[in-house]
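Down below is the structure, laid out as structure tokens.
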Amino acid sequence: MKGLLKILLLGGTGLLGSEIKSLLELKGHDVVDPSHRLLDVSNIELLNQFFDDNKSFDWCINSTAYARVDLAEKETEEANLLNGTVPGHLAQLCSSNNVRFLHLSTDYVFNGEKRDLYTEEDSVDPINVYGKSKLNGEIAVLQSNPDAIIARTSLLFGIKKPSFFQALIENIHEQESFDAVDDIYACPTFAPDLAKRLIEMMEKDIPGGIYHVTGTECLSRYEIGIIAHKLYLENFRNKPFEVVPISAESWKVPARRPKYTGLSNEKLNSIGISKAEPFEKNLLLYMHQLLGAPVI
Ligand SMILES: NC(=O)c1ccc[n+]([C@@H]2O[C@H](COP(=O)([O-])OP(=O)(O)OC[C@H]3O[C@@H](n4cnc5c(N)ncnc54)[C@H](OP(=O)(O)O)[C@@H]3O)[C@@H](O)[C@H]2O)c1
91 MKGLLKILLL GGTGLLGSEI KSLLELKGHD VVDPSHRLLD VSNIELLNQF FDDNKSFDWC
151 INSTAYARVD LAEKETEEAN LLNGTVPGHL AQLCSSNNVR FLHLSTDYVF NGEKRDLYTE
211 EDSVDPINVY GKSKLNGEIA VLQSNPDAII ARTSLLFGIK KPSFFQALIE NIHEQESFDA
271 VDDIYACPTF APDLAKRLIE MMEKDIPGGI YHVTGTECLS RYEIGIIAHK LYLENFRNKP
331 FEVVPISAES WKVPARRPKY TGLSNEKLNS IGISKAEPFE KNLLLYMHQL LGAPVI
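According to the working numbering, the sequence shown is numbered sequentially starting from 91.
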């Protein structure tokens with residue numbers, strides 16, 4: 091294991107990036123995280139200049155993204171620029187500056203038809219614009235920098251950004267019911283837990299390639315709702331609430347979602363990187379962050 095690292099973090103204000111930043115700083119690593127305002131990564135000249143002016147990073151983490159899955163169906167060019175073209179350029183810059191590159195990707199590179207955990211060897215076949223743009227990014231990164239790490243993750247939840255999880259828990263706390271899709275499955279991934287494992291991957295200087303890095307359980311939003319309500323009853327207060335199952339068909343959103351995108355983390359586990367904490371443990375932590383209520 092290397093000692094303290096000097097890390098360039100792009101996207102440090104985002105849901106995942108902010109957790110990576112906090113933990114890196116807590117561990118004493120040297121983090122440089124230029125904001126979007128200071129360094130727009132889609133401006134290639136600015137990026138080149140930044141790398142000319144700033145040397146000696148051990149790692150660059152790209153946690154920037156065009157992450158609006160539904161809007162991407164309309165804003166195809168914007169999504170492709172940020173998710174497809176920019177990562178390739180960053181990977182190239184890192185390669186020529188002797189900086190290791192860690193890039194984030196998604197379970198949405200798969201079409202969801204396998205119905206069993208996807209491994210890194212499985213064929214990709216994205217079914218929406220966001221997934222296609224992220225796949226373009228993966229290809230561009232590995233073409234220009236085979237030593238890069240691509241970490242595919244899924245269904246993030248964390249305190250820094252509103253999400254399905256926040257809406258669900260606020261509804262459990264304040265309302266009587268919540269509609270949740272029961273026929274789309276993915277592995278919910280707690281952003282602080284993911285940040286911890288990504289940092290471990292950099293500290294251990296693991297070989298380049300694609301890795302799946304997600305939570306351990308593959309669940310539908312309906313199942314997540316049931317678990318969240320159970321935890322609420324056990325740890326907060328007794329309150330009636332109904333999670334209402336709905337089908338993906340009746341969930342009217344512009345982008346198609348793959349039906350099943352559980353990702354096997356076996357490759358990562360086999361090289362000694364820790365597993366994610368159990369989903370219930372992470373969800374309870376998150377509920378406390380959100381609601382602030384004491385454990386009974
Ligand atoms: N969220 C999920 O459920 C999920 C699931 C699977 C994979 N992922 C992947 O995980 C990674 C992190 O996602 P996230 O949810 O943390 O994203 P996020 O919260 O949307 O954060 C994106 C970050 O990128 C920055 N950014 C956007 N455009 C930029 C630009 N042109 N120049 C510089 N910075 C820019 C944003 O800064 P501003 O806010 O200041 O614009 C923000 O800090 C992404 O690669 C995403 O595709 C996410």
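Backbone N, C-alpha and C define an ideal beta-carbon position, used for all residues, glycine too. Computed from a predicted model, the values in this text were never measured in an experiment.
query	result
Comparing alpha-carbon positions, which option in His179, Tyr198 and Lys111 lies nearest leucine 99?	Lys111
Using DSSP bridges, identify the partner residues of lysine 96.	Asp120
Of the residues Glu168, Pro177 and Arg158, which one's Cα is nearest the Cα of alanine 241?	Pro177
Given a cut-off of 7 Å on the beta-carbon distance, is the pair asparagine 138 and phenylalanine 191 in contact?	no
Report buried or exposed for valine 385, applying the criterion of at least 16 other Cβ atoms within 10 angstroms of its Cβ.	At valine 385 the pLDDT is 48, less than 50, meaning the model places this residue with poor confidence; the figure from the coordinates comes in the next sentence. Per the 10 Å Cβ criterion, exposed.
Report the option in Lys365, Ala276, Glu109 and Val131 whose CA atom is closest to the CA atom of arginine 205.	Ala276
For aspartate 295, does the count of other Cβ atoms within 10 angstroms reach 16, so buried, or fall short, so exposed?	exposed
How would you label leucine 388, buried or exposed, when you count the other beta carbons within 10 angstroms and need 16 or more for buried?	Residue numbering for the chain in the displayed model covers 91 to 386; residue 388 lies beyond these limits and cannot be assessed.
Proline 335 bridges to which residues according to DSSP?	Ala270
Leaving aside the five residues before and after methionine 292 along the sequence, list all residues of the same chain whose C-beta is less than 7 Å from its C-beta, in chain order.	Leu95, Trp149 and Leu192
Report the start-end ranges of each alpha helix (DSSP H) in the region 273-304 that is 4 residues or longer and not cut off at the edges.	281-293
Apply the 10 Å Cβ neighbour rule to aspartate 142 and answer buried if 16 or more other Cβ atoms are within range, or exposed otherwise.	exposed
For leucine 225, which of Pro335, Ile151 and Asn173 has the nearest alpha-carbon?	Asn173
Give me the Cα-Cα distance between phenylalanine 369 and leucine 284, rounded to the nearest whole angstrom.	12 Å
Measuring CB to CB, does isoleucine 274 end up less than 7 Å from alanine 318?	no
Comparing the CB of threonine 351 with every heavy atom of ligand 1, is any distance shorter than 6 Å?	no
Should the region 251-268 be regarded as contacting the region 196-203, the criterion being three or more beta carbon pairs within less than 8 Å?	no
Would you kindly work out how many angstroms separate the C-alpha atoms of valine 121 and leucine 114, rounded to a whole number?	7 Å
Verify whether the separation of the beta carbon atoms of alanine 366 and glycine 315 is less than 7 Å.	no
If we ignore side chains and look at the alpha-carbon of each, how far apart do isoleucine 239 and tryptophan 341 end up?	34 Å
By a C-beta neighbour count over all protein chains shown, 10 Å radius and 16 as the cutoff for buried, is lysine 320 buried or exposed?	exposed
Do leucine 106 and ligand 1 come close, with the Cβ less than 6 Å from some heavy atom?	yes
Give every residue of the same chain whose Cβ lies closer than 6 Å to the Cβ of isoleucine 300, excluding the five residues on either side of it in the sequence, and list them in chain order.	Glu210 and Ile240
Which residues in the same chain have their Cβ closer than 6 Å to the Cβ of leucine 194, if we skip the five residues on either side of it in sequence?	Ser153 and Ala241
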